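Per this note's numbering: the sequence shown = residues 32 to 446.
Note that CB positions come from ideal geometry on N, CA and C, so glycine has one too.
From a predicted model like this one, the values you see are computed outputs, not experimental measurements.
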Amino acid sequence: MSKYKVSGGKKLSGSIEIGGAKNAALPIIIATLLARGISIIHNCPYLEDVNILIEILKEIGCKIKYENHTLVIDTSDVYSTDLSFGLCEKIRPSILLIGALIANYGIVNITYPGGCEIGPRPIDLHLKGLRALNINIKELHGIINATSSKLNGNEILLDYPSVGATENIMLAACLAEGDTIIRNAAKEPEVIDLQNFLNLMGANISGAGTNYIYIRGTDKLNPAEYSIIPDRVAAGTYMIAAAITGGEIELKNVISEHLQPIIAKLKECGCMITSNGNLFLRAPAKVKALDIIRTLPYPGFPTDLQAPIMALMSIAKGTTIITETVFENRFNHVEELKKMGADIRVDGRIAVVKGVESLCGSNVTAKDLRGGAALVLAGLAAYGETIVDKSEHIDRGYECFDDILRDLGAEIYKI
Ligand code: EPZ
32 MSKYKVSGGK
42 KLSGSIEIGG
52 AKNAALPIII
62 ATLLARGISI
72 IHNCPYLEDV
82 NILIEILKEI
92 GCKIKYENHT
102 LVIDTSDVYS
112 TDLSFGLCEK
122 IRPSILLIGA
132 LIANYGIVNI
142 TYPGGCEIGP
152 RPIDLHLKGL
162 RALNINIKEL
172 HGIINATSSK
182 LNGNEILLDY
192 PSVGATENIM
202 LAACLAEGDT
212 IIRNAAKEPE
222 VIDLQNFLNL
232 MGANISGAGT
242 NYIYIRGTDK
252 LNPAEYSIIP
262 DRVAAGTYMI
272 AAAITGGEIE
282 LKNVISEHLQ
292 PIIAKLKECG
302 CMITSNGNLF
312 LRAPAKVKAL
322 DIIRTLPYPG
332 FPTDLQAPIM
342 ALMSIAKGTT
352 IITETVFENR
362 FNHVEELKKM
372 GADIRVDGRI
382 AVVKGVESLC
392 GSNVTAKDLR
402 GGAALVLAGL
412 AAYGETIVDK
422 SEHIDRGYEC
432 FDDILRDLGA
442 EIYKI
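And the structure:
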């Protein structure tokens, strides 16, 4: 177990390069299993969740090299689709292994997926979509058993635009016989990245980025070489880090379009943001409260930035009402922010954040990835020293978090 020690009060300033997106990399790494041979994935972040996925793939016979953010995955000798060992319980996207393996291997046994504790995180939409493609799924003693002799395309209406369920159906449907249509699909940029990779492998998918995805099934896919999109959540977190310290930041290697929901909110609270390919943010000494923030599926305000923006609003001028509509229990950071002097009241999915003059350093605990990052940001703005315990949660999603913040002038160390 590790901790971050943050001494607050330093204005951040400088230029950083944003790495590959965790939530795009994980499904794309899994998609390499749809073909036999060597796929090469560039701009792949060094993160604990990626390492766990690599271990899972090695367990079933993949040979993997991971150097300089490039992952070389040889799937030629995959010999097992029994994934009922413990590792799959550690990450949420392991459930996508069903979609990637079922067409070629006919059977997959897998434990329930894990991931951050931010609500019940059911998998009913995944299973409903996969069943619609003629996959027989049984759930027994904590193991999901999926079998299919032939996948058939189908029309699927998702009851909610789940990112994972959309990706799982895309993976399975590209080797199904016939056409598949996903209605009310997730529109996140990571879904588009998966479509682009699958099409490079020889799939025939269109519509990702809209709520209607069309997949024409094909017999066989080939390995491919691809580069992962920049991480919009990491980029948003560093913008908020600069804003919370009244600082300024340049972000290189970003796709501004993906950042529009957070750019709009940061401008609204008083930051100046410009773009010429790179993004520049200059924050006022103290930001204004935002009135209302409501997390929504893309292109709404991302749930993954709800905790970081709450840290910022906790020292804004005025009161902000934050509604978390995506996950049921994503306010784990509130009690910890309150220990630092934040004035926050929660009623169900609504948090009322009254901006205080300043936060004070304190001993707090990261309960999940983004909530943990939010506590570090609060620590950057607080008077005195903040210790953020269980910082391993943060390392699951931010590569070299402390190094990057130190490069920007923060005083932060891992202990
Ligand atoms: C992805 O999770 C991301 N994870 C999450 O990132 C992100 O918060 C989330 O999308 C929303 O943007 C990865 O891409 C690896 P969902 P996912 O299925 O796919 C409900 C981070 O910090 N639902 O879109 O698991 C679900 O409970 C994280 O990096 C069902 O009810 O999200 C939630 O309320 C954590 N049944 C909502 O849908 C299902 O079968 C959205 O979940 C599936 C989901």
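Nearest candidate by alpha-carbon position, reference residue 60, set 414, 76, 428 and 417: 76
Chain-order list of residues whose beta-carbon lies under 8 Å from that of residue 252 (same chain, five-residue window excluded): Correct list, in chain order: 65, 66, 205, 206, 229, 232, 233 and 234.
The ligand EPZ heavy atom lying under 7 Å from the CB of residue 138: Not so, every heavy atom of the ligand EPZ lies at least 7 Å from the Cβ.
Residues that residue 97 bridges to, as DSSP identifies them: 102
C-beta atoms of residue 313 and residue 279 nearer than 8 Å: yes
Spatial distance of residue 371 from residue 418 (CA atoms): 11 Å
Which residues DSSP lists as bridging residue 503, in chain order: Because residue 503 is not part of the residues shown, which for the chain are 32 to 446, the question remains open.
Residue 400 Cβ short of 7 Å to the ligand EPZ heavy atom set: Set against 7 Å, the gap from the CB of residue 400 to the closest heavy atom of the ligand EPZ is smaller.
Residue 221 Cβ short of 7 Å to the ligand EPZ heavy atom set: yes
Identified DSSP bridge partners for residue 45: 280
Buried or exposed by the 16-neighbour rule on C-beta atoms within 10 Å, applied to residue 243: exposed
First through last residue of the beta strand (DSSP E) which encompasses residue 369: Careful: residue 369 lies outside any beta strand (DSSP E), inside the alpha helix (DSSP H) at 364 to 370.
heavy atom of the ligand EPZ below 7 Å from residue 154 C-beta: In this structure, residue 154 has its beta carbon less than 7 Å from a heavy atom of the ligand EPZ.
Cβ-based burial, residue 269 [other Cβ within 10 Å; buried from 16]: So residue 269 ends up on the buried side.
Which residues DSSP lists as bridging residue 388, in chain order: Beta-bridge pairing links residue 388 to no other residue.
Those residues which DSSP pairs with residue 73 across a bridge: Listed as beta-bridge partners of residue 73 by DSSP are 258.
Residue range of the unbroken alpha helix (DSSP H) whose run includes residue 434: 432 to 438
Sheet register partners of residue 113 (DSSP bridge): The partner list for residue 113 (beta bridge, DSSP) reads 140.
Identity of the residue in 237, 210, 183 and 133 nearest residue 223 by Cα: Residue 223 has its Cα closest to that of 237, out of 237, 210, 183 and 133.
Strand pairing of residue 306, partner residues [DSSP]: 310
Residue 305 classed as buried or exposed, judged by whether at least 16 other C-beta atoms fall within 10 angstroms: With fewer than 16 other Cβ atoms within 10 Å, it is exposed.
Pairwise C-alpha distance: residue 386 and residue 347: The C-alpha of residue 386 is placed about 5 Å away from the C-alpha of residue 347.
Three-way DSSP call (helix, strand, coil) for residue 285 in this model: Three-state DSSP puts residue 285 in coil, outside helix and strand.
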